[in-house]
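For reference, the structure discussed in these notes is given below.
Protein chains: 2
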Amino acid sequence: MSLYAVILCGGRGERFWPKSRRTLPKQFIALFGRNSLTQETSARIRPLCPPERQLFVAPAEFEVVLRRQLGPRACLAFEPVGRNTAPAIGLAAVYLQRQDPDSTMVVLPADHLIEDRPGFLKAVRMGAQLAQQGLLVTFGIRPDRPDTGYGYIQLGRKTAGKARLTAHRVQAFKEKPSPARARAYLAAGNYVWNSGMFIWRVDAILAAFREFMPEFHAKLEEFATAIGTRREKQALAHLYRGAPSISIDYAVMEKADNVACVRGAFDWDDVGSWLALVRHIKPDSAGNVASGLFVSKDSTNCVADSDSGIVAALGVKNLVIVRAGDAVLVADRKRLGQMKQLLAEIAGHAVGGRHL
Amino acid sequence: MSLYAVILCGGRGERFWPKSRRTLPKQFIALFGRNSLTQETSARIRPLCPPERQLFVAPAEFEVVLRRQLGPRACLAFEPVGRNTAPAIGLAAVYLQRQDPDSTMVVLPADHLIEDRPGFLKAVRMGAQLAQQGLLVTFGIRPDRPDTGYGYIQLGRKTAGKARLTAHRVQAFKEKPSPARARAYLAAGNYVWNSGMFIWRVDAILAAFREFMPEFHAKLEEFATAIGTRREKQALAHLYRGAPSISIDYAVMEKADNVACVRGAFDWDDVGSWLALVRHIKPDSAGNVASGLFVSKDSTNCVADSDSGIVAALGVKNLVIVRAGDAVLVADRKRLGQMKQLLAEIAGHAVGGRHL
Numbered sequence: 001m002s003l004y005a006v007i008l009c010g011g012r013g014e015r016f017w018p019k020s021r022r023t024l025p026k027q028f029i030a031l032f033g034r035n036s037l038t039q040e041t042s043a044r045i046r047p048l049c050p051p052e053r054q055l056f057v058a059p060a061e062f063e064v065v066l067r068r069q070l071g072p073r074a075c076l077a078f079e080p081v082g083r084n085t086a087p088a089i090g091l092a093a094v095y096l097q098r099q100d101p102d103s104t105m106v107v108l109p110a111d112h113l114i115e116d117r118p119g120f121l122k123a124v125r126m127g128a129q130l131a132q133q134g135l136l137v138t139f140g141i142r143p144d145r146p147d148t149g150y151g152y153i154q155l156g157r158k159t160a161g162k163a164r165l166t167a168h169r170v171q172a173f174k175e176k177p178s179p180a181r182a183r184a185y186l187a188a189g190n191y192v193w194n195s196g197m198f199i200w201r202v203d204a205i206l207a208a209f210r211e212f213m214p215e216f217h218a219k220l221e222e223f224a225t226a227i228g229t230r231r232e233k234q235a236l237a238h239l240y241r242g243a244p245s246i247s248i249d250y251a252v253m254e255k256a257d258n259v260a261c262v263r264g265a266f267d268w269d270d271v272g273s274w275l276a277l278v279r280h281i282k283p284d285s286a287g288n289v290a291s292g293l294f295v296s297k298d299s300t301n302c303v304a305d306s307d308s309g310i311v312a313a314l315g316v317k318n319l320v321i322v323r324a325g326d327a328v329l330v331a332d333r334k335r336l337g338q339m340k341q342l343l344a345e346i347a348g349h350a351v352g353g354r355h356l
Numbered sequence: 357m358s359l360y361a362v363i364l365c366g367g368r369g370e371r372f373w374p375k376s377r378r379t380l381p382k383q384f385i386a387l388f389g390r391n392s393l394t395q396e397t398s399a400r401i402r403p404l405c406p407p408e409r410q411l412f413v414a415p416a417e418f419e420v421v422l423r424r425q426l427g428p429r430a431c432l433a434f435e436p437v438g439r440n441t442a443p444a445i446g447l448a449a450v451y452l453q454r455q456d457p458d459s460t461m462v463v464l465p466a467d468h469l470i471e472d473r474p475g476f477l478k479a480v481r482m483g484a485q486l487a488q489q490g491l492l493v494t495f496g497i498r499p500d501r502p503d504t505g506y507g508y509i510q511l512g513r514k515t516a517g518k519a520r521l522t523a524h525r526v527q528a529f530k531e532k533p534s535p536a537r538a539r540a541y542l543a544a545g546n547y548v549w550n551s552g553m554f555i556w557r558v559d560a561i562l563a564a565f566r567e568f569m570p571e572f573h574a575k576l577e578e579f580a581t582a583i584g585t586r587r588e589k590q591a592l593a594h595l596y597r598g599a600p601s602i603s604i605d606y607a608v609m610e611k612a613d614n615v616a617c618v619r620g621a622f623d624w625d626d627v628g629s630w631l632a633l634v635r636h637i638k639p640d641s642a643g644n645v646a647s648g649l650f651v652s653k654d655s656t657n658c659v660a661d662s663d664s665g666i667v668a669a670l671g672v673k674n675l676v677i678v679r680a681g682d683a684v685l686v687a688d689r690k691r692l693g694q695m696k697q698l699l700a701e702i703a704g705h706a707v708g709g710r711h712l
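For the record, the sequence lines run as chains A and B.
Per the numbering used here, the first sequence runs over residues 1 to 356.
Per the numbering used here, the second sequence runs over residues 357 to 712.
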């Protein structure tokens, strides 16, 4: 088998406004260090998948930024519009099938942060072995807190591995839980966060599409005949016109019975909001976390991110303060879940939309 | 008599950081509308004092900005260093005495905001009449709230005027009061805010300097002999080397017995902190006041000032948010009194000082 990485670059990253914008969402910005999350994701999987076996899938509008960040030789597949993960994965699968029918694909969202590369690669290797058995493999993350922002996977019988890297049957997928339920999951020990990373043989995932999304699968087969021809672009537009906007979890994983889960020993962060900075930057003695020049007086538990100049805080607490380009955001830490509503407010303002 | 305006431009305006900076303090920035407070002050007194009878006194470091804002023909007197109001007024007095020994001078801080120009000019006219009797006249402002940030003047017997424009003997100058005392002053009715504006004959104020600051007065007389000669600059440096840093209130007004007060009917704001914006800009339905593009969601009683781009607030309250040049300030409204300490913190930071 050949292992290919399919890196999904379709996120909108609204919760990182104003550093992320419509034209430059989260996966393309350097939140930590010098490289964008997409560049980091590419570098992380490189030991198993060299650049010629990395395929980036993104809405067409991100073509310029992707080429700029990944260079002219990157393999890119552009969706006419973003349609959640199932269509993007289907599209990648038919491209890979044409290139190498025997291939295995590891699916990686471009906007996750993993610092333990060896641990991550070990888990991928174990997943690749399971995939050879025709299983649809998902990667589960050991929860270290009762987070209510993630879906959970209830693990069944262990089928392989030892110590902190094990493979399991999957008993059930669980929606984002209530706080009480999240605490129960954490205490139970056999629940993991659903990371949105997967590995499977291309023929296995296409068989699953055939079974659970037969209409879309038929269109995928139709599209496959157009790949490499003059009809390709038109066929792609046709494929996406009818494509449902649905996640691969919901469309396939929760329905299939040949599902397995690798529980890895690596760290993982989906960098879901500005508070992710708190998990990756050392706080000062007042609990403030800052990227960029931040000076404070009598201020506690603030998160500051500034692309230039200085951010100064006086007598405030529990705020997220971001300065990026032409915009400043000041938000209560506990209210970051309402970023979407704030952005709607900005969009509704006479001249606000140009700042999104 | 000829009436001259002496406009004092020596304030540091630290409380308006980051819009005001060391090199561009409050009096030189356009806080409201298009013109700086200094330009507004000049325009306001113009009907009584045309430009050739306006003298601006400022520390030498502000020469460039003053010339830029006032044009090449403005009459400027530069202090080697800022030394509070008494030396600046003494300096202006000897310059004017040389020009016109019979002149009267109205002293106006450059950083106050008065919108009712006719009301202001009426009060100045009344003050000018009193000044002809040799009185040292101060302007008192009717308090509309028990503000603890101002000194107060206890008015004595009415000596002239009617309705809302009256002249009084001065019974006592009062330091910035406690909240309880401020409420008592407001209720009593015969207390006014000490505006820091004055009018007097030049010979009267110089006589007062002779009486209450004899050493400094002697130096002023010495300096006067050097005006217009090659020794002037050196003599000015000498004058200021020994000049005490003291306010005219403390040095003269509180000691003199030929003091009168004009209680005007005009509005007045010394624009002492960012909260001054609340008094001059109409709030939105959530009590937010903004200058520049401000969009908010579930945010109340905030003050936002932005020189460009957009400021967005989510779920916050009682904040002052300022974006100016390369700096962002986020402060609790009630903590603006500690701006000095915040700026000290910034000054102490390795690269913070360059942002002051």
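From the three backbone atoms N, C-alpha and C, an ideal C-beta is built for every residue, glycine too.
Here the structure is a predicted model, which means the values were calculated and not measured.
Should the segment 288-308 of chain A be called in touch with the segment 342-353 of chain A, which here means at least 3 C-beta pairs below 8 Å?
no
Are at least three pairs of beta-carbons, each pair with one atom in the segment 537-554 of chain B and one in the segment 496-513 of chain B, less than 8 Å apart?
Contact holds: three or more Cβ-Cβ distances are below 8 Å.
Beta-carbon of residue 694/B versus every beta-carbon of chain A: anything under 8 Å?
yes
Using CA coordinates, which residue listed in 655/B, 358/B, 665/B and 686/B is at the minimum distance from residue 303/A?
686/B
Where are the alpha helix (DSSP H) runs, 4 residues long or more, that stay fully inside the segment 508-546 of chain B, in chain order?
535-544
Is the CB of residue 305/A under 8 Å away from at least one CB in chain B?
no
In chain order, what residues of the same chain lie with their CB nearer than 6 Å to the CB of residue 160/A, ignoring the 5 residues before and after it?
167
What number of angstroms, rounded off, separates the C-alpha of residue 151/A from the C-alpha of residue 356/A?
29 Å
Could you have a look at residue 282/A and say whether DSSP puts it in helix, strand or coil?
Three-state result, residue 282/A: coil.
Against chain B, with Cβ distances strictly below 8 Å, would residue 186/A count as a contact?
Contact with chain B is absent for residue 186/A, since none of that chain's Cβ atoms lies less than 8 Å from the residue's Cβ.
Return the residues of the segment 659-687 of chain B that lie within a Cβ-Cβ distance of less than 8 Å from chain A, sorted by chain order.
662, 664, 665, 666, 667, 668, 669, 670, 671, 672, 675, 677, 679, 681, 682, 683, 684, 685, 686 and 687
Three or more C-beta pairs closer than 8 Å, one from the segment 529-541 of chain B and one from the segment 477-491 of chain B: is that the case here?
With the rule of 3 Cβ pairs closer than 8 Å, the segment 529-541 of chain B does not count as touching the segment 477-491 of chain B.
My output table needs one value for residue 603/B: the three-state DSSP class, helix, strand or coil.
coil
DSSP beta-bridge partners for residue 275/A?
Bridge partners of residue 275/A: none, in fact.
At a Cβ threshold of 8 Å, is residue 12/A touching chain B?
no
To which residues of the same chain is residue 136/A closer than 8 Å at the C-beta, ignoring the five residues directly before and after it?
198, 200, 204, 205, 208, 252, 253, 256, 258, 259 and 260, listed in sequence order.
Report all residues from its chain with a CB closer than 7 Å to the CB of residue 326/A; omit the five preceding and five following residues, and keep chain order.
Excluding sequence neighbours, residue 326/A sits near 355.
Can you check which of these residues, 11/A, 17/A and 63/A, is closest to residue 85/A by C-alpha distance?
For the options 11/A, 17/A and 63/A, the alpha carbon positioned closest to that of residue 85/A is the one of 11/A.
Take the Cβ of residue 234/A as the centre, count every other Cβ of all protein chains shown within 10 Å, and call the residue buried at 16 or more, exposed below.
exposed
In whole angstroms, give me the CA-to-CA distance for residue 407/B and residue 449/B.
17 Å
Listed in chain order, which residues of the segment 288-299 of chain A have Cβ atoms closer than 9 Å to some Cβ of chain B?
293, 295, 296, 297, 298 and 299
Rounded to whole angstroms, what is the Cα-Cα separation between residue 360/B and residue 385/B?
24 Å
When we look at the beta-carbon of residue 311/A and count the other beta-carbons within 10 Å, is it buried (16 or more) or exposed?
Result: buried.
Ordered along the chain, which non-local residues of its own chain (more than five positions away) have a Cβ less than 8 Å from that of residue 638/B?
Closer than 8 Å at the Cβ level, and outside the excluded window around residue 638/B, lie 645.
Round the Cβ separation of residue 414/B and residue 365/B to the nearest angstrom and send it over; I've been treating them as touching at under 8 Å.
4 Å
Following the continuous alpha helix (DSSP H) through residue 214/A, name the residue where it begins and the one where it ends.
214-226
Considering only the beta carbon of each residue, do residue 370/B and residue 696/B sit closer than 8 Å?
Less than 8 Å separates the beta-carbon of residue 370/B from that of residue 696/B.
Hey, out of 358/B, 599/B, 634/B and 582/B, whose CA is closest to residue 456/B's CA?
By alpha-carbon distance to residue 456/B, the top candidate from 358/B, 599/B, 634/B and 582/B is 358/B.
I believe residue 433/B touches residue 447/B by the beta-carbon criterion, under 8 Å. Please report the beta-carbon distance rounded to the nearest angstrom.
6 Å
Can you name the residues that DSSP bridges to residue 408/B?
Paired residue(s): none; residue 408/B is not in a bridge.
For the beta strand (DSSP E) that contains residue 465/B, what are its first and last residues?
Unbroken beta strand (DSSP E) run through residue 465/B: 460-465.
Please report whether the beta-carbon of residue 691/B lies at a distance below 8 Å from any beta-carbon of chain A.
At least one C-beta of chain A is nearer than 8 Å to the C-beta of residue 691/B.
If distances are taken between C-alpha atoms only, which option among 376/B, 525/B, 653/B and 706/B comes closest to residue 348/A?
653/B
8 Å is my cut-off, CB to CB: does residue 524/B come that close to chain A?
no
Quick check on the DSSP output: the alpha helix (DSSP H) that includes residue 681/B runs from which residue to which?
Unbroken run through residue 681/B: none, as it is neither H nor E.
In chain B, which residues lie less than 8 Å from residue 278/A when you measure between Cβ atoms?
None at all; the shortest Cβ gap to chain B is about 17 Å.
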